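As structure tokens, the structure follows; a few thoughts come after it.
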């Protein structure tokens with residue numbers, strides 16, 4: 061029987077069971093050994109760490125299910141195949157879907173280094189329901205840094221919610237393009253200010269800074285939009301990012317703001333887009349200052365604590381981690397209690413949203 065808790069994976073070794081790693085050899089052939097250019101080494105190290113990163117995803121999943129043994133798992137945008145391989149090692153029957161043919165080839169090579177694992181990869185689009193439907197339903201679906209690349213995110217979530225079994229688990233991550241860290245260094249291309257731009261301007265920016273590269277981000281949503289997207293599709297989302305005391309989180313956000321301002325002075329932005337990036341960033345920083353001022357004006361209270369967490373999630377957290385399950389009807393005796401809790405949470409969220417709306421109206425956003 062396969063262990064339900066796999067050992068922590070290590071970066072891909074030169075040899076697997078005494079044999080050369082086909083996956084590593086293919087990556088080094090494609091990206092170089094990393095000795096020629098620092099950028100090549102960054103991409104190579106990232107690709108080779110796929111199984112190590114995937115083992116961490118499995119550890120997260122095991123906080124919400126007692127075991128993966130016998131469960132069906134689908135990884136959407138399976139890339140190098142790490143999540144499927146790690147899940148199979150933990151006992152799941154794993155399938156991955158990917159539209160990039162080269163990534164599929166590399167995933168098969170990664171799997172060949174672990175030939176006893178029951179893993180399947182399919183050249184399918186998550187946007188094509190007619191292709192997805194025959195795969196059936198799954199106990200767990202993972203979708204890691206994919207949603208920002210699809211053309212219509214609500215269609216993606218519609219398909220994923222349909223493919224979840226009753227009581228199933230969706231694990232989804234999404235970059236926070238409006239965090240100070242992402243603005244300073246956008247996670248896909250490492251460019252200052254890129255995450256603030258729409259796809260058209262993003263491609264123009266990238267064509268100037270990195271000729272030949274395609275800006276394949278369709279759109280970035282804000283935290284509330286992702287949460288609403290999940291709930292409107294019958295899923296109950298939970299944000300997994302850890303939180304600290306509100307004052308500590310706000311202080312950390314201010315330090316991140318200061319680092320962003322420092323990097324701004326050194327940033328190289330295409331001249332044709334500099335005014336737009338500067339305007340968007342100035343407005344964003346003004347919103348932060350106003351939000352922090354409002355936070356500091358509040359007495360210690362639930363509202364102040366919630367606003368501090370919202371500030372951290374909005375401006376500090378660089379990658380949001382969600383799990384979500386299909387919504388189940390509440391027992392009748394729990395409805396009154398649930399409604400009271402919901403009213404309290406809605407009141408706090410409304411106050412925060414109202415303040416943010418006033419600020420953005422003043423800034424014309």
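In this note's numbering, the protein residues as written are 61 to 425.
Using N, Cα and C, we set each Cβ at its ideal position, and we do this for glycine too.
A quick note: this is a predicted structure, and the numbers were derived from the prediction, not measured.
Closest residue to residue i among the options (Cα-Cα distance)
i           : options               : result
residue 466 : 165, 164, 367 and 201 : The question about residue 466 has no answer, for the chain in this structure spans 61 to 425.
residue 169 : 334, 190 and 145      : 145
residue 234 : 88, 374 and 84        : 374
residue 327 : 386, 346, 265 and 275 : 265
residue 200 : 335, 290, 121 and 280 : 121
residue 149 : 173, 165, 262 and 163 : 173
residue 284 : 268, 335 and 299      : 299
residue 442 : 251, 81 and 355       : Since the first residue shown for the chain is 61 and the last is 425, residue 442 is missing from the structure and cannot be characterised.
residue 159 : 139, 103 and 153      : 139
residue 436 : 339, 209 and 384      : The structure shown does not extend to residue 436, since the chain spans only 61 to 425, so no value can be given for it.
residue 355 : 206, 311, 302 and 289 : 311
residue 104 : 92, 365 and 115       : 92
residue 287 : 230, 337 and 353      : 230
residue 381 : 236, 369 and 350      : 236
residue 209 : 365, 281 and 387      : 281
residue 376 : 352, 269 and 248      : 352
residue 272 : 293, 290 and 249      : 249
residue 156 : 262, 116 and 206      : 206
residue 320 : 238, 359 and 360      : 238
residue 301 : 86, 106 and 370       : 370
residue 19  : 372, 84, 106 and 86   : Because the chain spans 61 through 425 in this model, residue 19 falls outside it and cannot be assessed.
Residue i in three-state terms, based on DSSP
i           : result
residue 280 : coil
residue 246 : coil
residue 395 : Note that residue 395 has pLDDT 44, beneath the 50 cutoff, so the model's placement of it is unreliable and the number below is only indicative. It is helical.
residue 259 : helix
residue 121 : helix
residue 210 : coil
residue 303 : coil
residue 267 : helix
residue 328 : coil
residue 186 : coil
residue 129 : coil
residue 92  : coil
residue 240 : helix
residue 401 : Only weak support exists for where residue 401 lies, its pLDDT of 42 falling under 50; the value from the coordinates is given anyway. The answer is helix: DSSP assigns residue 401 an H, G or I state.
residue 287 : helix
residue 411 : Because the pLDDT at residue 411 is just 49, under 50, the model does not fix this residue reliably, and the value given afterwards should be weighed accordingly. Helix.
Host alpha helix (DSSP H) of residue i (start-end)
i           : result
residue 145 : 142-149
residue 217 : 213-223
residue 354 : 331-357
residue 252 : Neither: residue 252 is in no alpha helix (DSSP H) and is coded neither H nor E.
residue 273 : Careful: residue 273 lies outside any alpha helix (DSSP H) and carries neither H nor E.
residue 310 : 306-324
residue 166 : 161-172
residue 293 : Segment: none, residue 293 is in no alpha helix (DSSP H) and carries neither H nor E.
residue 191 : 189-192
residue 376 : Per DSSP, residue 376 belongs to no alpha helix (DSSP H) and is neither H nor E.
residue 369 : 362-371
Residue(s) in a DSSP beta bridge with residue i
i           : result
residue 203 : 136 and 232
residue 381 : 233
residue 180 : 155
residue 298 : 383
residue 26  : Nothing can be reported for residue 26, as the shown portion of the chain is limited to 61 through 425.
- Item | Segment contact flag, the region 214-227 with the region 186-206, C-beta cutoff 8 Å, min 3 pairs | Remark: three or more beta-carbon pairs, one from each stretch, lie closer than 8 Å, so the region 214-227 and the region 186-206 are flagged as touching.
- Cβ contact (3+ pairs, closer than 8 Å) linking the region 128-138 and the region 99-112: The region 128-138, when compared against the region 99-112, does not touch it at the 8 Å Cβ threshold.
- Query: Counting Cβ pairs closer than 8 Å, one from the region 314-328 and one from the region 240-252, do we hit at least three?
  - Reply: Verdict: yes, contact present.
- Pair every Cβ in the region 344-361 with every Cβ in the region 275-289, then say whether three or more of these pairs are closer than 8 Å. With the rule of 3 Cβ pairs closer than 8 Å, the region 344-361 does not count as touching the region 275-289.
- Query: Does the region 178-187 come close enough to the region 208-219 that 3 or more CB-CB pairs lie under 8 Å?
  - Reply: Yes, since at least three Cβ pairs between the region 208-219 and the region 178-187 fall closer than 8 Å, the two stretches touch.
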